[in-house]
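A short worksheet on the structure shown next.
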Amino acid sequence: MSEISLIMLAAGNSTRFDAKVKKQFLRLGNDPLWLYATKNLSSFYPFKKIVVTSSNIAYMKKF
Numbered sequence: 001m002s003e004i005s006l007i008m009l010a011a012g013n014s015t016r017f018d019a020k021v022k023k024q025f026l027r028l029g030n031d032p033l034w035l036y037a038t039k040n041l042s043s044f045y046p047f048k049k050i051v052v053t054s055s056n057i058a059y060m061k062k063f
């Protein structure tokens, strides 16, 4: 079994990103960017654990 974990950083205020929505919450297809990237990476490697950080836990729990 793999001993490598994935830590997905999905926090921040996106102050340099000129949009009303934080970039980590933008959609790619049906998924927000953080979930799309996490699914994509985990399809290539069997991570032991996946940890997602967030500045908006209430929103993240919907997924």
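Residue numbers for the sequence shown follow full-length UniProt numbering, beginning at 1 and rising by one. Note that CB positions come from ideal geometry on N, CA and C, so glycine has one too.
Rounded Cβ spacing between residue i and residue j (contact assumed at less than 8 Å)
i: Ala19; j: Ser55; result: With a Cβ gap of about 16 Å, Ala19 and Ser55 do not count as contacting.
i: Phe47; j: Ser5; result: 6 Å
i: Asn13; j: Lys22; result: 7 Å
C-alpha distance - residue i paired with residue j, whole-angstrom precision
i: Arg16; j: Lys39; result: 26 Å
i: Leu9; j: Met60; result: 12 Å
i: Val52; j: Arg27; result: 17 Å
i: Lys62; j: Phe25; result: 12 Å
i: Tyr36; j: Ile50; result: 13 Å
i: Trp34; j: Ile57; result: 13 Å
i: Leu41; j: Ser2; result: 14 Å
i: Pro32; j: Ile7; result: 16 Å
Proximity test, Cβ basis, 7 Å: residue i and chain C
i: Pro46; result: Annotation note: the requested chain C is absent from the structure, which comprises a single protein chain.
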